[in-house]
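Trainee: Handing you this structure, nothing more for now.
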Amino acid sequence: MEDDEKLEIMQRRIVKSFAVQRDVIVPLSKDFDCTVEELEEVFFNLFDMSSLQALHATHESAQDICLYQKFNADLRLCWFNGTLEVISDEDARDLKMKLVNEVKNGKTYEDALKEGQLELFELLKKEAVY
30 MEDDEKLEIM QRRIVKSFAV QRDVIVPLSK DFDCTVEELE EVFFNLFDMS
80 SLQALHATHE SAQDICLYQK FNADLRLCWF NGTLEVISDE DARDLKMKLV
130 NEVKNGKTYE DALKEGQLEL FELLKKEAVY
């Protein structure tokens, strides 16, 4: 067996692994309205071996970053913190991190967002007193 053939087999094993299929390939193929096989081929052509090996880990870490940014947008912290500067960087970061951890521990995004909105309002009221 040639080295290129061995490499392709190893790459296919990574992409066909249960975790990669469950968390990356199948959901994205639905989002992109394509077949699993089409998306696998795109990934084979896009990524080298080390990128494929890191695919699931980078997906996991990106989930936290995306959730953090989603809370930033949905709580309008880019406005309250960045533009109006009525919420400190530390308070904004702490609130988002708390909510991300709650979602990771099983709370629904909607429930965490509602909790975050209430906490943000408490922060605003606290700042208004000063």
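Numbering-wise (this note's numbering), the sequence shown opens with residue 30 and increments by one. By construction, the Cβ of each residue, glycine as well, lies at the ideal position given by its N, Cα and C atoms.
If you run the structure through DSSP and keep just helix, strand and coil, what is residue 30?
Mentor: As a first step, residue 30 must be located in the sequence shown, where it is residue number 1. Annotated three-state conformation of residue 30 is coil, per DSSP.
Trainee: What three-state label does DSSP hand residue 46 in the structure shown?
Mentor: Start at 1 with the first residue of the sequence shown, and residue 46 comes out as number 17. Reduced to three states, the DSSP call for residue 46 is coil.
Trainee: As a quick exercise: from 67, 118, 109 and 52, pick the residue whose alpha carbon is nearest that of residue 86.
Mentor: Residue mapping note: residue 86 aligns to position 57 of the sequence shown, counting from 1. It is 52.
Trainee: Tell me the DSSP secondary structure of residue 122 in three-state form.
Mentor: The residue given as residue 122 occupies position 93 in the sequence shown. Note: residue 122 maps to helix in three-state DSSP.
Trainee: Looking at the structure shown, is residue 72 part of a helix, part of a strand, or coil, going by DSSP?
Mentor: Along the sequence shown, read from residue 1 onward, the residue named residue 72 stands at position 43. In the three-state reduction of the DSSP assignment, residue 72 falls in the helix class, which pools H, G and I.
Trainee: Return the Cβ separation of residue 95 and residue 101 in integer angstroms, given the expectation that the two are a contact with Cβ distance under 8 Å.
Mentor: In the sequence shown, counting from the first residue as 1, residue 95 sits at position 66. In the sequence shown, counting from the first residue as 1, residue 101 sits at position 72. Taking 8 Å as the upper bound for CB-CB distance, residue 95 and residue 101 are not in contact here, some 10 Å apart.
Trainee: Assuming residue 142 contacts residue 103 (C-beta within less than 8 Å), just tell me the rounded distance between them.
Mentor: Looking up residue 142 in the sequence shown gives position 113. Looking up residue 103 in the sequence shown gives position 74. The beta-carbon separation of residue 142 and residue 103, rounded to 6 Å, stays under the 8 Å limit for a contact.
Trainee: Thinking C-alpha only, which one of 38, 62, 116 and 50 is nearest residue 153?
Mentor: Translated into positions along the sequence shown, residue 153 becomes position 124. Minimum Cα distance to residue 153 is reached at 116.
Trainee: DSSP state of residue 109, grouped into three classes?
Mentor: Counting from one through the sequence shown, the residue named residue 109 turns up at place 80. Looking at residue 109 - three-state DSSP - the assignment turns out to be helix.
Trainee: Buried or exposed: where does residue 110 fall if 16 or more other Cβ atoms within 10 Å of its Cβ makes it buried?
Mentor: Residue 110 sits at position 81 when you count from the first residue of the sequence shown. Buried, by the Cβ-count rule.
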